[in-house]
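For the sequence shown, our numbering begins at 2 and goes up steadily by one. Where is the CB? At the ideal position from N, CA and C, for every residue including glycine. For reference, the structure discussed in these notes is given below.
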Amino acid sequence: MSETNKRKRIYKKRYNVPILIIVILISIRIALPYLLQDYVNKTLNDIPGYEGHVEDIDIALWRGAYVVKKLILKKTEAETDTPVLDFRETDISIEWKSLLKGKIVSEIEMYDPKFNYIFEDQKKEGPEGKADTEDWTKALTDLVPIDINHLAIHNGTANFAQLSSSPDIEMFLQNIELDATNLSNVVNKDKTLPSTLHATATSIGDGSVTLEGELNLLKEIPDMDIDFALKKANVTAVNDITLKYAGVDFESGTFELYSEVAIADGYLKGSIKPMFINAKLISKNDDGGIFKKLWEGFVGTFKFLLKNHGTDTLATKVPLEGDLNEVKSGILPTVFNIFKNGWIKAFKGDVDENINFEDAKRSKDGK
Numbered sequence: 002m003s004e005t006n007k008r009k010r011i012y013k014k015r016y017n018v019p020i021l022i023i024v025i026l027i028s029i030r031i032a033l034p035y036l037l038q039d040y041v042n043k044t045l046n047d048i049p050g051y052e053g054h055v056e057d058i059d060i061a062l063w064r065g066a067y068v069v070k071k072l073i074l075k076k077t078e079a080e081t082d083t084p085v086l087d088f089r090e091t092d093i094s095i096e097w098k099s100l101l102k103g104k105i106v107s108e109i110e111m112y113d114p115k116f117n118y119i120f121e122d123q124k125k126e127g128p129e130g131k132a133d134t135e136d137w138t139k140a141l142t143d144l145v146p147i148d149i150n151h152l153a154i155h156n157g158t159a160n161f162a163q164l165s166s167s168p169d170i171e172m173f174l175q176n177i178e179l180d181a182t183n184l185s186n187v188v189n190k191d192k193t194l195p196s197t198l199h200a201t202a203t204s205i206g207d208g209s210v211t212l213e214g215e216l217n218l219l220k221e222i223p224d225m226d227i228d229f230a231l232k233k234a235n236v237t238a239v240n241d242i243t244l245k246y247a248g249v250d251f252e253s254g255t256f257e258l259y260s261e262v263a264i265a266d267g268y269l270k271g272s273i274k275p276m277f278i279n280a281k282l283i284s285k286n287d288d289g290g291i292f293k294k295l296w297e298g299f300v301g302t303f304k305f306l307l308k309n310h311g312t313d314t315l316a317t318k319v320p321l322e323g324d325l326n327e328v329k330s331g332i333l334p335t336v337f338n339i340f341k342n343g344w345i346k347a348f349k350g351d352v353d354e355n356i357n358f359e360d361a362k363r364s365k366d367g368k
């Protein structure tokens with residue numbers, strides 16, 4: 002073989018290797034979304050009592066991310082066709098700023114996610130037994146190969162409905178914006194509650210919802226210090242609920258709800274404060290029977306006697322305290338707080354901010 006032919010063969014081999022590598026990489030890149038989509042679909046369909054699928058998965062290798070599009074999860078045995086989860090788009094990526102701190106964690110951004118809880122669907126058991134919520138929550142977290150450090154939700158929706166009730170009962174939160182940071186405790190490792198949570202939403206009755214708090218999610222029972230507020234919701238929006246459980250409905254008024262919860266080492270201390278402001282009951286002109294009229298008269302009298310007439314507010318404060326496996330509300334304190342609001346002083350329309358993490362810690366230690 003001539004020297005010239007030898008050189009040509011050497012040059013050819015030299016270029017064949019990188020070309021082969023490039024072809025292999027391109028093939029892997031083309032196949033990866035389909036392989037990942039098959040894996041996600043298999044994971045969803047392996048959840049006992051559920052079935053699910055995703056329409057598409059996009060890969061962004063340059064930023065270490067993949068985007069899951071249109072994830073649907075349904076119960077296999079359900080009275081309705083409403084999916085439990087309907088996630089339009091979920092972006093899962095490496096959090097680069099944490100990588101610079103020497104820890105590989107992920108961040109998740111969800112766009113237009115919907116969570117639907119239909120009571121009738123949850124009660125019905127499939128052939129494999131009752132579908133456990135923990136099964137699908139664990140399956141979803143398994144889809145993220147590394148720990149989650151940052152979670153953001155944009156324009157989320159949470160629906161709760163009982164369709165077999167008369168009337169139907171429907172509650173919802175819309176326009177949910179949530180930002181949870183430092184969930185894996187990348188920074189402030191010595192801080193008792195290193196993670197932060199901030200969320201806003203619109204409730205039934207166009208109420209304004211805020212949720213603020215600090216957490217430690219690395220414990221089996223997370224420690225936390227959380228404040229919740231629902232303000233200026235139209236009380237007529239909860240008529241289906243009050244009509245079913247109290248036999249009354251409202252013509253006008255505002256409903257507000259405030260709560261604060263602290264958990265330390267599995268011990269909870271908190272309160273819930275519902276308020277009805279300028280609430281007016283609907284007068285009943287129809288003949289509903291003597292017992293119905295007596296009940297409506299009792300409720301009207303009860304409201305007149307126990308509301309604070311200076312602020313036209315009917316409210317109480319329900320204390321919560323105890324082990325998380327046996328959280329109880331105090332009946333006597335609840336009743337006392339009704340009279341306290343009506344005859345002593347009106348509750349202010351805000352989170353009281355008189356319960357914090359240290360209160361739960363002291364209660365747990367018996368101090």
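Check whether residue i and residue j have beta carbons under 8 Å apart
{"i": "Ile-149", "j": "Ser-185", "result": "yes"}
{"i": "Asp-191", "j": "Ala-153", "result": "no"}
{"i": "Ala-316", "j": "Lys-274", "result": "yes"}
{"i": "Val-210", "j": "Leu-174", "result": "yes"}
{"i": "Asn-176", "j": "Asp-113", "result": "no"}
{"i": "Ile-170", "j": "Pro-223", "result": "no"}
{"i": "Lys-102", "j": "Val-41", "result": "no"}
{"i": "Asp-226", "j": "Ile-278", "result": "no"}
{"i": "Thr-77", "j": "Asn-117", "result": "no"}
{"i": "Phe-358", "j": "Thr-193", "result": "yes"}
{"i": "Ile-58", "j": "Ala-140", "result": "no"}
{"i": "Lys-43", "j": "Glu-56", "result": "no"}
{"i": "Asp-39", "j": "Ala-66", "result": "no"}
Cα-Cα separation, residue i to residue j
{"i": "Leu-74", "j": "Asp-143", "result": "15 Å"}
{"i": "Leu-37", "j": "Glu-215", "result": "35 Å"}
{"i": "Ile-95", "j": "Ile-109", "result": "9 Å"}
{"i": "Phe-251", "j": "Trp-97", "result": "53 Å"}
{"i": "Lys-115", "j": "Thr-182", "result": "21 Å"}
{"i": "Leu-269", "j": "Lys-281", "result": "35 Å"}
{"i": "Thr-201", "j": "Val-236", "result": "20 Å"}
{"i": "Arg-363", "j": "Asp-266", "result": "11 Å"}
{"i": "Lys-245", "j": "Met-276", "result": "19 Å"}
{"i": "Asp-353", "j": "Lys-104", "result": "38 Å"}
{"i": "Ala-162", "j": "Ser-107", "result": "33 Å"}
{"i": "Thr-81", "j": "Phe-120", "result": "10 Å"}
{"i": "Ala-220", "j": "Asn-189", "result": "First, the residue type needs correcting, since residue 220 is Lys and not Ala in the sequence shown. So the two alpha carbons sit approximately 16 Å from each other."}
{"i": "Arg-89", "j": "Ile-60", "result": "16 Å"}
{"i": "Ile-147", "j": "Pro-195", "result": "19 Å"}
{"i": "Thr-255", "j": "Met-172", "result": "16 Å"}
{"i": "Tyr-51", "j": "Leu-218", "result": "27 Å"}
{"i": "Asn-326", "j": "Ala-361", "result": "15 Å"}
{"i": "Leu-45", "j": "Lys-318", "result": "42 Å"}
{"i": "Asp-87", "j": "Val-68", "result": "15 Å"}
{"i": "Leu-164", "j": "His-151", "result": "36 Å"}
{"i": "Leu-212", "j": "Thr-158", "result": "15 Å"}
{"i": "Ile-356", "j": "Gly-350", "result": "16 Å"}
{"i": "Leu-72", "j": "Val-85", "result": "11 Å"}
{"i": "Ile-369", "j": "Val-249", "result": "Shown here, the chain extends from 2 to 368; a query on residue 369 therefore has no answer."}
{"i": "Arg-64", "j": "Glu-178", "result": "24 Å"}
{"i": "Ala-253", "j": "His-54", "result": "The residue asked about is misnamed: residue 253 is Ser in this sequence, not Ala. For Ser-253 and His-54, the distance between alpha carbons rounds to 44 Å."}
{"i": "Gly-208", "j": "Met-111", "result": "23 Å"}
Buried versus exposed, by CB contacts within 10 Å (16 or more), residue i
{"i": "Thr-138", "result": "exposed"}
{"i": "Ser-272", "result": "buried"}
{"i": "Tyr-35", "result": "exposed"}
{"i": "Ser-204", "result": "buried"}
{"i": "Leu-62", "result": "exposed"}
{"i": "His-199", "result": "exposed"}
{"i": "Gly-130", "result": "Because Gly-130 carries a pLDDT of 49, less than 50, the predicted location of this residue cannot be relied on, and the following value inherits that uncertainty. With fewer than 16 other Cβ atoms within 10 Å, it is exposed."}
beta-carbon residue i near the ligand GTP non-hydrogen atom, thresh 7 Å
{"i": "Lys-70", "result": "Only the bare structure without any ligand can be found here, which leaves the ligand GTP out of the picture."}
**In chain order, each alpha helix (DSSP H) run of at least 4 residues that lies wholly inside the segment 216–293** = Qualifying alpha helix (DSSP H) stretches, in chain order: 240–246.
Problem - Cβ contact check for the segment 313–325 and the segment 238–245: 3 or more pairs under 8 Å - result: Verdict: no, contact absent.
Open item on the list: Between the segment 226–239 and the segment 257–274, can you find at least three pairs of beta-carbon atoms closer than 8 Å?
Closed with: Because the criterion of three Cβ pairs below 8 Å is met, the segment 257–274 and the segment 226–239 touch.
Run through the segment 148–222 for me and flag every whole beta strand (DSSP E) of 3 or more residues, listed as ranges in chain order. Here the runs fully enclosed are 149–163, 170–182, 196–204 and 209–217.
In chain order, each beta strand (DSSP E) run of at least 3 residues that lies wholly inside the segment 58–87: Fully enclosed beta strand (DSSP E) runs of 3 or longer: 66–76.
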